[in-house]
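>
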């Protein structure tokens, strides 16, 4: 399933990261979505890990890199 970023900008009004083009987020590869795992207890009490889709926390769903350690 092809996903689009959920936001064009993050919540910071003058974010320099959002103003840049061409640097994709390293966590979501520019899609704005990631697939972390969460614990879930099955019917027999065993804890298993399930994948969930959610907006990327690394880029606030913009698809743009927001890391001060990224090489630009």
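Numbering (this note's numbering), first residue to last: 213 to 284.
Where a beta carbon is used, it is the ideal one built from N, C-alpha and C, also for glycine.
So, helix, strand or coil for residue 216, using DSSP?
Note: residue 216 maps to coil in three-state DSSP.
> Taking the straight line between their C-alpha atoms, what separation do you get for residue 276 and residue 234?
Approximately 8 Å between the Cα atoms of the pair.
> Could you give the distance in angstroms between the alpha-carbon of residue 227 and the alpha-carbon of residue 254?
Going from the Cα of residue 227 to the Cα of residue 254 covers about 42 Å.
> Name the two residues that bound the continuous alpha helix (DSSP H) containing residue 231.
Unbroken alpha helix (DSSP H) run through residue 231: 228-231.
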